[in-house]
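Since the structure comes first, as structure tokens, the remarks are kept for the end.
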Amino acid sequence: MLDKVKRFSRLLSGIVLCAIIANCSSEPVIDESIRNYEGDLPANLDGSWERDYLRGDNINQALNRAFRQLNQSRSRRNYDRYEEWRNPRALSSTKDGASLIALARLTEIITRLDVFKISQTEHEIIVERKDDFAILCEFYDGIAQGAVTEYGAEVCGWEGEQFVTHLVLPDGLLISHRYKISPDGESLRVVTTAASSASRVPFTLNRYYRKYEPFVGKFNCIETLSMKRVCSTGEL
Amino acid sequence: MAALLTGLMVIPSFQQAIAQLVSAENTAADGLSRNATELNVSIAVFDPGIPADASTHRRLQVFPRIRKIEALYLPFVLHEVLVDSSQWGAVRVVPAADIAAELLVSGTIIKSNGEILELQIRAADASGREWFTRNYTGATTVIAAQGEAEPAAIGYQEIYAEIGADLEAARALLDEQALAEIVDVSFLRYAIQLVPTAFDEYLSANPDGTFTIDRLPAQNDPMLERLGRIRGVEYLITDAVDTKFQELHAEIASIYELWRSYRRKFTQYQLDETRRLENVKTDAPKGSFEAIRSAYDNYKWSRIAEQEQESWADGFNNEVGPTIEKMEIRVAELEGWVDQQYAEWSALLAELFALETGRTE
Numbered sequence: 686m687l688d689k690v691k692r693f694s695r696l697l698s699g700i701v702l703c704a705i706i707a708n709c710s711s712e713p714v715i716d717e718s719i720r721n722y723e724g725d726l727p728a729n730l731d732g733s734w735e736r737d738y739l740r741g742d743n744i745n746q747a748l749n750r751a752f753r754q755l756n757q758s759r760s761r762r763n764y765d766r767y768e769e770w771r772n773p774r775a776l777s778s779t780k781d782g783a784s785l786i787a788l789a790r791l792t793e794i795i796t797r798l799d800v801f802k803i804s805q806t807e808h809e810i811i812v813e814r815k816d817d818f819a820i821l822c823e824f825y826d827g828i829a830q831g832a833v834t835e836y837g838a839e840v841c842g843w844e845g846e847q848f849v850t851h852l853v854l855p856d857g858l859l860i861s862h863r864y865k866i867s868p869d870g871e872s873l874r875v876v877t878t879a880a881s882s883a884s885r886v887p888f889t890l891n892r893y894y895r896k897y898e899p900f901v902g903k904f905n906c907i908e909t910l911s912m913k914r915v916c917s918t919g920e921l
Numbered sequence: 002m003a004a005l006l007t008g009l010m011v012i013p014s015f016q017q018a019i020a021q022l023v024s025a026e027n028t029a030a031d032g033l034s035r036n037a038t039e040l041n042v043s044i045a046v047f048d049p050g051i052p053a054d055a056s057t058h059r060r061l062q063v064f065p066r067i068r069k070i071e072a073l074y075l076p077f078v079l080h081e082v083l084v085d086s087s088q089w090g091a092v093r094v095v096p097a098a099d100i101a102a103e104l105l106v107s108g109t110i111i112k113s114n115g116e117i118l119e120l121q122i123r124a125a126d127a128s129g130r131e132w133f134t135r136n137y138t139g140a141t142t143v144i145a146a147q148g149e150a151e152p153a154a155i156g157y158q159e160i161y162a163e164i165g166a167d168l169e170a171a172r173a174l175l176d177e178q179a180l181a182e183i184v185d186v187s188f189l190r191y192a193i194q195l196v197p198t199a200f201d202e203y204l205s206a207n208p209d210g211t212f213t214i215d216r217l218p219a220q221n222d223p224m225l226e227r228l229g230r231i232r233g234v235e236y237l238i239t240d241a242v243d244t245k246f247q248e249l250h251a252e253i254a255s256i257y258e259l260w261r262s263y264r265r266k267f268t269q270y271q272l273d274e275t276r277r278l279e280n281v282k283t284d285a286p287k288g289s290f291e292a293i294r295s296a297y298d299n300y301k302w303s304r305i306a307e308q309e310q311e312s313w314a315d316g317f318n319n320e321v322g323p324t325i326e327k328m329e330i331r332v333a334e335l336e337g338w339v340d341q342q343y344a345e346w347s348a349l350l351a352e353l354f355a356l357e358t359g360r361t362e
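Sequences listed follow chains A and B, in order.
Everything in the first sequence is counted per my numbering, starting at 686 for the first residue and increasing by one.
Everything in the second sequence is counted per my numbering, starting at 2 for the first residue and increasing by one.
Structure follows, in structure tokens:
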């Protein structure tokens, strides 16, 4: 287990180094400087958020956009602009296309949630998601710290007023979320990017969420160890 | 209160006086007289051993609220072992270290994760002599070379028996005179706390932290009896506090065992996952949906399992929290009463001493 953690640490360091070395530009890169912060946290994302279906990306549009980007990244002798606009996916190789579609499928699954909750304190931000792990970022002594397991590592922090988390997984797979709150604090934009070393371009999906007040039922419930959930109409 | 402080009694000798007072107090406490080797033991609430750097808690799997509960709960487990051994006088769990205790046992929780319990235990007597400071580790299971879980050579409960055995072994190195002297020093240190002007000339503090009896009080010193009675009252309060710890132990024992059971299962799950990871082989091409989905899900489920522990910790706190709170309030009330009385007793005794001897601070 320790070896795997060490490998991920080395992978993390390698990724950062590759950001500097130009010929590693195909590897997903993250900027570890996001982990440093000073003073209070730049934005308050605390609250319950529900999906705003009127805004945000349509998955197919996002996929087409990514294919165009893929095509443009390759030099072609007979570049057919019309064909590229009409059917962007047709011009990409089977392998490139398959990798990109894989990233799109995974991103769609990850961003499927209708609601989620963000709990923010002076020392941590927790993004609780149904049927998925909670994204956790801790802030102590000017350094933001994410979780590390033998299967991957999270790097988190701030880019200006954007809360950013990167999930570094094996084989160059990188899942990033960027959370930016609107000035009035009622709307949240989440940009999710999936990248891998097998795909020339990443896949990015924008989602929007509105703040809402969760329904408060008549029962007060707490979790216990021996009796699981215990509810009462009175105070517990 | 006046009757308590001014009653006179003819005392044949200091040692006999202390023995009588202590015997009377012990008879009230446990119904039987004790012999010279049966020192009274005070077990202080443990230091929870929570790392000061809060950013390390999740990585080290330290749950601070549960550690604080364990610091209240675990001393009573040792209390039961010492009482059952019938080798000691009165055994009490006390909220804070008592410097005048005949034998003070204090501890720090180094590690406690349901699977492994590691304690650092220090034992020192009233004369300042340190009996030992040692680390004890008990495990429910050990992980053998083959990666299979087996019953541990020294189990979770057995470490308390080992602590008890070490205390008896350390005591065996002292002769009866030394043990009697511990009882005397304990009383004198208590007396000095209450009436420094009357008793500080009887005891010397040595550079190494130990204490030496310089001389003994007069045979018919009325202060001895007063102090003995006051100490008896204080022991009654201490016994009441000890009862609170006993009640706490009884109320949360089953829930604490459930918590440990969940932690052990998580440890076993982690072990199984490590083995699965070593043995899993996948033919999914790099970059394919199967490969990246598998990578994501492995991480996702490992994190969900870790986060499940935190929900167990919350459940544990929710369930035992009210019990702990009630106990702490009651103990604080009792301690507060003693502190208040202490100040009054101290002032009254100092006044009496000045009146009787003409000496003041």
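For every residue, glycine included, the Cβ atom is placed at its ideal position computed from N, Cα and C.
Please work out which residues of its chain come closer than 8 Å, Cβ to Cβ, to residue i, disregarding the five sequence neighbours upstream and downstream, and give them in chain order.
i      : result
B/E363 : A query on residue 363 of chain B cannot be resolved here, the shown segment of chain B reaching from 2 to 362 and no further.
B/R265 : G115, E116, T141, T142
A/F818 : none
B/N207 : G129, T213
A/R914 : C906, I907, E908
Using a Cβ-Cβ cut-off of 7 Å (strictly less than) and excluding sequence neighbours within five positions of residue i, which residues of its own chain qualify?
i      : result
B/Y203 : L189, I214, D215, R216, L217, P218
B/I256 : F317, E320, V321
A/C657 : Chain A is shown from 686 up to 921; residue 657 of chain A falls before or after that span and cannot be answered.
A/L755 : S777, D781, L785, R885, V886
A/Y825 : H808
A/E920 : N905
B/I70  : V321, I325
Could you name the residues of the same chain whose beta carbon sits closer than 6 Å to that of residue i, not counting the 5 residues immediately before and after it, in chain order?
i      : result
B/E119 : I111, K112, T138
A/G741 : N891, R892, Y893
B/R261 : G115
Output yes or no for whether 7 Å exceeds the beta carbon distance between residue i and residue j.
i      : j      : result
A/G842 : A/A832 : no
B/A140 : B/V82  : no
B/V186 : B/S128 : yes
B/A296 : A/L890 : no
A/D673 : A/Y864 : As shown, chain A starts at 686 and ends at 921. That puts residue 673 of chain A outside it, with no answer to give.
B/F267 : B/V94  : no
A/Q805 : A/L730 : yes
A/R814 : A/L798 : yes
A/A879 : A/I860 : yes
A/E735 : A/R895 : yes
B/L335 : A/L910 : no
A/S733 : A/Y836 : no
Classify residue i: buried if its beta carbon has 16 or more other beta carbons within 10 angstroms, exposed otherwise.
i      : result
A/I715 : buried
B/I231 : buried
A/G925 : Given a span of 686 to 921 for chain A in the structure shown, any question on residue 925 of chain A remains unanswerable.
B/E279 : exposed
A/A838 : buried
A/M912 : exposed
B/K301 : buried
A/V901 : exposed
B/N221 : exposed
B/D284 : exposed
B/S289 : buried
B/A229 : At residue 229 of chain B the sequence reads Gly, which differs from the Ala that was named. Counting Cβ neighbours within 10 Å, B/G229 comes out buried, since at least 16 surround it.
B/I305 : exposed
B/P76  : buried
For residue i, name the three-state secondary structure that DSSP assigns.
i      : result
B/F354 : helix
B/A72  : helix
B/E131 : strand
A/E908 : strand
A/T834 : strand
A/Y647 : Lying outside 686 to 921, the shown extent of chain A, residue 647 of chain A is not represented and no answer is given.
B/L217 : coil
B/D54  : coil
A/I719 : helix
A/Q754 : helix
A/E881 : A small correction: the amino acid at residue 881 of chain A is Ser; Glu does not occupy that position in the sequence shown. Note: A/S881 maps to coil in three-state DSSP.
A/L730 : coil
B/S14  : Residue confidence for B/S14 is low, a pLDDT of 49 falling below 50, so the modelled location carries little weight; the figure read from the coordinates is stated next. Coil.
B/G229 : helix
B/E116 : coil
B/I111 : strand
A/Y893 : strand
Q. Does the segment 40 to 53 of chain B come within contact of the segment 129 to 141 of chain B, defined as at least 3 CB pairs closer than 8 Å?
A. With contact defined as three or more Cβ pairs closer than 8 Å, the segment 40 to 53 of chain B and the segment 129 to 141 of chain B are not in contact.
Q: Count the CB pairs spanning the segment 92 to 112 of chain B and the segment 344 to 357 of chain B that are closer than 8 Å, and state whether there are at least three.
A: The answer is no - the segment 344 to 357 of chain B does not touch the segment 92 to 112 of chain B, with fewer than three Cβ pairs under 8 Å.
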